[in-house]
Amino acid sequence: MLEAIRNNKDSKLAKIILAIIIVPFALFGIDSYLSSLGTNAYVAKVNGKEISLQQYQRNFSTIREQMADPNADPAIFDSPEFKNAVLENLISAELVNQAINEFGFAISDQQLRDYIVGMPDFQIGGKFSQERYDEIVRYNNISPKQLEEKIRADLAGQQIRDSLKNLVYVPNEEIQPLVDLAYQKRDINLYEIYLDDYEEKIKPTDKELQSFYEENQSSFIRPDQVKINFIIYSVAGLVPKTKVSDSEAKEFYEANKDLYQGDQQRRAKHILFSFKSEMTENEKQQIKEKALSTLNDLKKNPKLFDTKAKELSQDPESAKRGGDLGFFSRGAMVKPFEDKVFTMKKNQISDLVETNFGYHIIMLTDIKGEEVTFESVQAQIKGELLYGKALEEYATNAEEFNNTVYENSADLKLAAEKYGLEIQSSEWLSIEDARRFFNNDAFANSIFSQDSIDSKRNIPALEVSPNNLVSARVVDFRASDQESFDNVKDKIKTFLIKRDSQKLIIEEGNQLVEDLKSAKTKVEWIDKLTLDRVDKQGLSDPLVNKIFQINASSLPAYEGFYDTQGQYYVIKLNKVIDEKVDDELSVDLYRDEYEKAIKEAVQAAYIDDLRSEAEIKINSKLLN
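Quick note: the sequence shown uses the numbering used here, first residue 33, plus one each step.
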């Protein structure tokens, strides 16, 4: 039942975000295997078991990457709230790990092997790929043993989670009201006020800017900064230097035509004169002579093809239809048969074609769709071969590149000349700038290490992203210092305009709502909208959530909502349309979603219970 629902992509209920269900959620993935790595410094102790600083930094980086949003304020990752959330995640993980050991949950070697082989991440074409497995291990900079222990721990943790989930069951009488609410519709009008109109009214004076600066000097401390030189050894950089000849491309095309079959299909009929592998050469020759005689007759009179196929063909099914095989694409027939068919012209009769089944006489009867010629895919094939060659060269030279920058660490010149690379330079970078530079924490940490700053030597080459190796060296450093007023004046001005205009638009918007409630004023509403939690009429999720939170006991009802995108909405709720949804599919699907939410709450409660009985010490100094 549920599988059928999941496959129903048009299911209305499946698209509903369950904003009406609010439950705590505990994120825990088992990362204890990392405890053996790196530094002795710890950020926390859980029942005497240390969570290392390296564990914390690694988890911090992982979660940060998962939450990556180009539009998000990077300052959020420096907030105490975010840092604490990362630590809490690790503490929860350790608590679960300790519970696993206490209760004796274990994953056998065979269970582990079966699970790894079945993981889609490690498969190519639906089958386990050792090459893909090794690639993932290298990219994550861990050993196979560490990865396998991580997976083993995760599976053990899943046993606990599954045990908790089995405790949850929700009866229909609790589900039905939620289903009905999810399908509820609301008729509204909207009136919009734009922040831009208010920003024009805010004109902070120089005195106000100076005053804000003096009152908030601690917010204008320039962090430690470096300037770096760097080189990038990458597959993309190798491609322009790589050559692929027309003959190489042609050879690849001929060997891999199946990859470029396009939409063309061909229809053919055949007459099969079969032979068996155990036959003597003399017996095969007799069959061949009979086939050649038939071919000669058909060349003289092609109209006899259907009759001959019915009389002589040893392919019983097609023989009944005069040898007709219907339409087929490349890859559907054995290769010698296919190769001949896809070179023939319509109504042409082939010479004898030998396959494992015997001798074939083929007539091409129809063609539909377009054939992909070599000329039409030549550029594509060259591109694929270029990248493949570049990738092979990159893999061959990656270790040597790293050795070169390490053994000649005084500068990047030798490595740049050897591999034909450009030495590039940066402007002043903070550690946050450096993290964003290649979206890689390890790179930022390397160039900001005390050794890199003091020695100004090349850092070891880092694969900052797949197939991109970077080495860098610090060429200049300046310690943190107070930013001057002149340097931050424009930033302060922008901040004050945004802050004060938001305050003003919310104040005036809220007053407008009150005036509408008391009928003191009128506005020009936009056309009436009817929406539900799926059909949102183009409105943002936060605005829709606000609309469905409006008290509908007395209508019309008015509410205001400030959207952080820069608009204030006045909402007029005209009508609530309740829906009674009692079909089995909707109820079952909603139960699935609701039970999922409750199960997450049970998991959170379980973590809280473990925490209440645990001894937890936090080294807060390392989090600052």
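Note that the Cβ used here is the ideal one computed from N, Cα and C, for glycine as well.
Just to confirm, are residue i and residue j a CB contact at a threshold of 9 Å?
i, j, result
"Arg505", "Lys488", "yes"
"Lys235", "Val507", "no"
"Leu605", "Arg218", "yes"
"Ala493", "Tyr438", "yes"
"Leu396", "Gln410", "no"
"Ile225", "Glu591", "no"
"Phe406", "Asp347", "no"
"Ile174", "Glu126", "no"
"Ala364", "Ile303", "no"
"Leu536", "Tyr265", "no"
"Asn261", "Ser484", "no"
"Ser516", "Asp256", "no"
"Tyr230", "Ser533", "yes"
"Glu611", "Gln190", "no"
"His392", "Phe359", "no"
"Arg299", "Ile394", "no"
"Gln87", "Leu144", "no"
"Lys525", "Leu241", "yes"
"Ser478", "Phe433", "no"
Which residue or residues does DSSP assign as beta-bridge partners of residue i?
i, result
"Ile30", "The requested residue 30 is not part of the displayed model; the chain covers only 33 to 656."
"Met395", "Lys301, Ile381"
"Glu495", "Leu501"
"Ile220", "Leu561, Leu605"
"Phe360", "Arg298"
"Gly420", "None; Gly420 has no bridge partner."
"Tyr600", "Ile225, Tyr594"
"Val258", "Leu461, Phe509"
"Ser84", "Tyr74"
Going straight from the alpha carbon of residue i to that of residue j, what length do you get?
i, j, result
"Ser674", "Met151", "Because residue 674 is not part of the residues shown, which for the chain are 33 to 656, the question remains open."
"Ile558", "Val404", "53 Å"
"Leu344", "Asn499", "59 Å"
"Glu645", "Gln130", "12 Å"
"Asp443", "Asn490", "6 Å"
"Glu424", "Phe469", "27 Å"
"Asp564", "Leu213", "10 Å"
"Tyr426", "Ile603", "59 Å"
"Val608", "Lys631", "31 Å"
"Leu544", "Ile538", "10 Å"
"Tyr147", "Val169", "16 Å"
"Glu386", "Lys289", "20 Å"
"Lys554", "Leu548", "7 Å"
"Ile648", "Phe252", "35 Å"
"Leu642", "Tyr626", "25 Å"
Put residue i into one of helix, strand or coil per three-state DSSP.
i, result
"Lys41", "Per-residue confidence for Lys41 stands at a pLDDT of 31, beneath the threshold of 50, marking its modelled position as unreliable; no derived number is given."
"Gln346", "coil"
"Val78", "strand"
"Asn651", "coil"
"Ser243", "helix"
"Asp186", "helix"
"Phe374", "coil"
"Gln155", "strand"
"Leu66", "Confidence at Leu66 is low in this model, with a pLDDT of 33, below 50, so the placement of that residue is unreliable and no value is reported for it."
"Val507", "strand"
"Ser512", "coil"
"Phe593", "strand"
"Ser175", "coil"
"Thr405", "coil"
"Arg353", "coil"
"Arg489", "coil"
"Glu386", "strand"
"Ser306", "strand"
"Ser266", "strand"
"Ile639", "helix"
Using a Cβ-Cβ cutoff of less than 7 Å, which residues in the same chain neighbour residue i once the five nearest sequence positions on both sides are dropped?
i, result
"Asp356", "Lys301, Ser350"
"Gln569", "Leu561, Leu563"
"Val271", "Leu418, Tyr419, Ala422"
"Asp640", "none"
Short of 6 Å in beta carbon distance, which residues of its chain neighbour residue i, apart from the five on each side in sequence? Order them along the chain.
i, result
"Arg164", "Phe154, Ile156"
"Asn472", "Val496"
Less than 8 Å separating the Cβ of residue i from some heavy atom of the ligand SAM?
i, result
"Asn577", "Among the components of this structure there are no ligands whatsoever, and the ligand SAM is therefore not found."
To which residues of the same chain is residue i closer than 8 Å at the C-beta, ignoring the five residues directly before and after it?
i, result
"Tyr65", "Only weak support exists for where Tyr65 lies, its pLDDT of 34 falling under 50; the coordinates are left without a value."
"Leu336", "Asp329, Leu330"
"Asp595", "Ser572, Pro574, Leu575, Tyr601"
"Val149", "Phe160"
"Asp383", "Leu327"
Could you tell me whether the Cβ of residue i comes closer than 9 Å to any Cβ of chain C?
i, result
"Ile579", "The structure shown contains no chain C; it is built from a single protein chain."
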